[in-house]
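K.L.:
Sequence order for the protein chains is A and B.
Counting along the first sequence from 1, when you hit position 68 you're at 68 in the numbering used here, and nothing is skipped either side.
Counting along the second sequence from 1, when you hit position 53 you're at 53 in the numbering used here, and nothing is skipped either side.
We put the beta carbon where it would ideally sit given N, CA and C, even for glycine.
Please read all numbers here as calculations on a predicted model, not as lab measurements.
First the structure, which I've put down as structure tokens, then a few questions once you've had a look.
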Amino acid sequence: DAGVIQSPRHEVTEMGQEVTLRCKPISGHDYLFWYRQTMMRGLELLIYFNNNVPIDDSGMPEDRFSAKMPNASFSTLKIQPSEPRDSAVYFCASSLMSGSGNTIYFGEGSWLTVV
Amino acid sequence: SQKIEQNSEALNIQEGKTATLTCNYTNYSPAYLQWYRQDPGRGPVFLLLIRENEKEKRKERLKVTFDTTLKQSLFHITASQPADSATYLCALDRPGGSYIPTFGRGTSLIVHP
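Below is the structure:
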């Protein structure tokens, strides 16, 4: 399997612009997660989906952030309008829930810089 | 809410020694605890999972212990190598039985040749 695939890997954008991050989870996984990682706050869960349905978006910082999962093989995280404080690494991850726990498989991340 | 504490200072050790990293947590006792490795510029990679009813789990040179009384997990790498240099994160499932992990901020390990 190719693993979790994210695009773009790097993005530099100007403040006020719309940013769309994309993710293809591992085939067969039923959970999809969006995390944000910064030096200050570590790895934060923004939102997660189960079977394409958003379950918990309490980690989404504000209304400028939105996420969708139109089908089992694709998800987007959108920031509109972007601000410099949104600069971070955004990770998409997926998992297959079992009674033994929930091992998360991460993508390589999308490095976002807002100037 | 769950608070996860990992040493923010880097751990520097000599090659061949055993590295021991600590993960402490407060409040809720998790059903399981996981350890991940993260290399610079990469996403975290799963290493080991230990359940609340397990005291110890091993995988090759890795050993994890889970003390629910102390609310602590220890992560050991024996016969450490420079290639083990990375940041190691612990993760605990959130309360409510959802099995959704919350991550600590990680500890950086540097193994010197």
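Work out the CA separation of Gln81 (chain B) and Val45 (chain B) for me, nearest whole Å.
P.N.:
Roughly 18 Å between the two C-alpha positions.
K.L.:
Do you know how far the Cα of Gly96 (chain B) is from the Cα of Glu54 (chain B)?
P.N.:
Roughly 20 Å between the two C-alpha positions.
K.L.:
For Gln37 (chain A) versus Phe74 (chain A), is the C-beta distance shorter than 8 Å?
P.N.:
In this structure, Phe74 (chain A) does not lie closer than 8 Å to Gln37 (chain A) by Cβ.
K.L.:
Using DSSP's beta-bridge definition, name the partner residues of Tyr35 (chain A).
P.N.:
DSSP lists A:Leu45, A:Phe91 as partners of Tyr35 (chain A).
K.L.:
For Gln80 (chain A), count neighbouring C-beta atoms within 10 Å of its own C-beta (all shown protein chains included) and say buried if the count is 16 or more, exposed if not.
P.N.:
Exposed.
K.L.:
In chain B, what lies closer than 9 Å to Ile79 (chain A) by C-beta?
P.N.:
Neighbours of Ile79 (chain A) on chain B: none; closest Cβ ~20 Å, over 9 Å.
K.L.:
Taking Thr18 (chain B) as the reference, give the member of B:Pro101, B:Ile77, B:Leu89 with the closest Cα.
P.N.:
The shortest Cα separation from Thr18 (chain B) among B:Pro101, B:Ile77, B:Leu89 belongs to B:Ile77.
K.L.:
Do you know offhand how far Ser58 (chain A)'s Cα is from Met39 (chain A)'s?
P.N.:
Approximately 21 Å between the Cα atoms of the pair.
K.L.:
Grouping DSSP H, G and I as helix and E and B as strand, with all else coil, what is Arg85 (chain A)?
P.N.:
Three-state DSSP puts Arg85 (chain A) in a helix.
K.L.:
Where does the unbroken beta strand (DSSP E) through His29 (chain A) begin, and where does it stop?
P.N.:
No beta strand (DSSP E) holds His29 (chain A); DSSP gives it neither H nor E.
K.L.:
Starting from Ile79 (chain A), trace the beta strand (DSSP E) in both directions and tell me its first and last residue.
P.N.:
74-79 is the extent of the beta strand (DSSP E) around Ile79 (chain A).
K.L.:
Using a threshold of 8 Å, state whether the C-beta atoms of Leu109 (chain B) and Leu33 (chain B) are closer than that.
P.N.:
For Leu109 (chain B) and Leu33 (chain B), no; Cβs fall outside 8 Å.
K.L.:
Please work out which residues of its chain come closer than 7 Å, Cβ to Cβ, to Met97 (chain A), disregarding the five sequence neighbours upstream and downstream, and give them in chain order.
P.N.:
Answer for Met97 (chain A): Asp30, Tyr31, listed in chain order.
K.L.:
Within a Cβ cutoff of 8 Å, which residues of the same chain sit near Val151 (chain A), ignoring the five residues on either side of it in sequence?
P.N.:
No answer is possible for residue 151 (chain A): the residues shown for chain A start at 1 and end at 115.
K.L.:
Using the three-state DSSP reduction, which class does Asp84 (chain B) fall into: helix, strand or coil?
P.N.:
Asp84 (chain B): helix per DSSP, three-state reduction.
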